[in-house]
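A short write-up of the structure that comes next.
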Amino acid sequence: MSFDRKIKIAPSILSADFANFGAEIRAIEAEGADWVHVDVMDGHFVPNLTFGPMAVKAFRPHVKTVMDVHLMIAPVDPYIDAYADAGADVLTAHVEAGPHIHRTLQAIRGAGMKAGVALNPGTPAEAVAHLLELTDLICVMTVNPGFGGQKFIDMTAKIARLRQMIGDRPVHIEIDGGVDPKTAPLVAQAGADVLVAGSAVFRGGSVDNPGVYGQNIAEIRAAAEGVWA
Numbered sequence: 038m039s040f041d042r043k044i045k046i047a048p049s050i051l052s053a054d055f056a057n058f059g060a061e062i063r064a065i066e067a068e069g070a071d072w073v074h075v076d077v078m079d080g081h082f083v084p085n086l087t088f089g090p091m092a093v094k095a096f097r098p099h100v101k102t103v104m105d106v107h108l109m110i111a112p113v114d115p116y117i118d119a120y121a122d123a124g125a126d127v128l129t130a131h132v133e134a135g136p137h138i139h140r141t142l143q144a145i146r147g148a149g150m151k152a153g154v155a156l157n158p159g160t161p162a163e164a165v166a167h168l169l170e171l172t173d174l175i176c177v178m179t180v181n182p183g184f185g186g187q188k189f190i191d192m193t194a195k196i197a198r199l200r201q202m203i204g205d206r207p208v209h210i211e212i213d214g215g216v217d218p219k220t221a222p223l224v225a226q227a228g229a230d231v232l233v234a235g236s237a238v239f240r241g242g243s244v245d246n247p248g249v250y251g252q253n254i255a256e257i258r259a260a261a262e263g264v265w266a
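Take 38 as the starting number for the sequence shown in this note's numbering and just add one per residue.
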């Protein structure tokens, strides 16, 4: 995964058909997805339970772009090698998930993956000020993590502050939560370049009608790129 600062759409398969993940992944990539976002939840750090390393490993053969794995779990460190083995390209841990996020990011890179750090809505941008040299991606949560389909929380001031802090470093700013054609321009204008969208991508489509996915992706991308023009 080379650094390329242009708008990337990363559909969250949390909104896909759980009985048909392989076909869903192939469909969203064929319809223009740049990355595939996988939300890992443990029922402890967040109030939901989703995919473990074996599931992520099963997704991997279907992902031809970038597999972007977002760990909403605590602790993180005991599972880093398992997600590396599962084939994650980017592994993101929450700054709130443990006392040693610096060590966690070192371990993620040491296992051969790109390192992401996520910030919950109540966590300030300054929490990552001393992590920027170890970070390839900062994920700004624009909902409280745990469930898809939540209402967008305006974090544009935080995004703008992070973009200022990053400067010319090759660090992506990813937005996760409530992204759609209305909110995409707000976060893109503030400095985000990777947009995670679940229900806004999958709504109305299916593997038998994947063109809707393509239309949804295109609408989000056009809305975001419009403010960069």
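Each residue gets a CB set at the ideal place from its N, CA and C atoms; glycine is no exception.
On a predicted model such as this, the values are computed, not experimentally measured, just so you know.
Backbone CA spacing between residue i and residue j [nearest angstrom]
{"i": "PHE139", "j": "ALA164", "result": "Note on identity: in this sequence residue 139 is His, with Phe being the wrong assignment. Cα-Cα distance, rounded: 11 Å."}
{"i": "GLN201", "j": "GLY235", "result": "28 Å"}
{"i": "VAL244", "j": "PHE58", "result": "10 Å"}
{"i": "ASP173", "j": "VAL83", "result": "24 Å"}
{"i": "GLY183", "j": "MET91", "result": "20 Å"}
{"i": "GLU68", "j": "ASP191", "result": "28 Å"}
{"i": "ASP71", "j": "THR102", "result": "6 Å"}
{"i": "LEU168", "j": "VAL238", "result": "32 Å"}
{"i": "ASP118", "j": "ASP217", "result": "33 Å"}
{"i": "THR141", "j": "GLY159", "result": "21 Å"}
{"i": "GLU133", "j": "ALA56", "result": "32 Å"}
{"i": "VAL113", "j": "ALA95", "result": "20 Å"}
{"i": "HIS74", "j": "GLY89", "result": "14 Å"}
{"i": "ASN181", "j": "VAL77", "result": "14 Å"}
Opposing strand residues paired with residue i [DSSP bridges]
{"i": "SER49", "result": "HIS74"}
{"i": "THR129", "result": "HIS107 and GLY153"}
{"i": "ALA234", "result": "PRO48"}
{"i": "LEU86", "result": "ASP79"}
The alpha helix (DSSP H) enclosing residue i, as first and last residue numbers
{"i": "VAL224", "result": "221-227"}
{"i": "ILE44", "result": "Per DSSP, ILE44 belongs to no alpha helix (DSSP H) and is neither H nor E."}
{"i": "HIS139", "result": "138-147"}
{"i": "ARG258", "result": "248-262"}
{"i": "PHE58", "result": "58-67"}
{"i": "ASP122", "result": "117-123"}
Cβ neighbours of residue i in the same chain (closer than 7 Å, five flanking residues each side left out)
{"i": "ARG198", "result": "ALA162"}
{"i": "ALA53", "result": "GLU61 and PHE239"}
{"i": "ALA148", "result": "ILE117, ASP118 and ALA121"}
Spatial neighbours of residue i in its chain, beta-carbon cut-off 6 Å, leaving aside the 5 residues before and after
{"i": "ARG146", "result": "ALA152"}
{"i": "LEU223", "result": "THR193"}
{"i": "MET150", "result": "ALA121, ALA125 and LEU128"}
{"i": "ILE65", "result": "PRO48 and TYR250"}
{"i": "ASP213", "result": "CYS176, MET178 and VAL233"}
{"i": "PHE189", "result": "THR179, GLY215 and THR220"}
{"i": "HIS131", "result": "ALA155"}
{"i": "ASP205", "result": "none"}
Spatial neighbours of residue i in its chain, beta-carbon cut-off 8 Å, leaving aside the 5 residues before and after
{"i": "ILE175", "result": "GLY153, VAL154, ALA155, LEU156, VAL165, LEU199, ILE203, VAL208, HIS209, ILE210 and GLU211"}
{"i": "ASP79", "result": "LEU86, MET109, ILE110 and ALA111"}
{"i": "HIS81", "result": "ILE110 and ALA111"}
{"i": "LEU171", "result": "HIS139, LEU142, GLN143, ARG146 and ALA152"}
{"i": "SER135", "result": "The question names Ser, but residue 135 is Gly in the sequence shown. Cβ within range, chain order: ALA111, PRO112, VAL113, ASP114 and THR141."}
{"i": "ARG97", "result": "MET104, ALA123 and GLY124"}
Residue interval of the beta strand (DSSP E) (run including residue i)
{"i": "MET178", "result": "174-178"}
{"i": "ASP191", "result": "Element bounds for ASP191: n/a, residue is neither H nor E."}
{"i": "ASP213", "result": "209-213"}
Assumed close pair residue i, residue j - CB separation to whole angstroms, cut-off 8 Å
{"i": "VAL100", "j": "VAL127", "result": "That pair is no contact at about 12 Å."}
{"i": "VAL215", "j": "GLN187", "result": "Sequence inspection shows Gly at residue 215; the Val mentioned does not correspond to that position. GLY215 to GLN187, Cβ: 6 Å. Contact."}
{"i": "ALA261", "j": "ILE44", "result": "5 Å"}
{"i": "ILE46", "j": "LEU232", "result": "6 Å"}
{"i": "TRP265", "j": "ALA227", "result": "Actually they do not touch by this definition, with Cβ atoms about 12 Å apart."}
{"i": "ILE196", "j": "ALA229", "result": "5 Å"}
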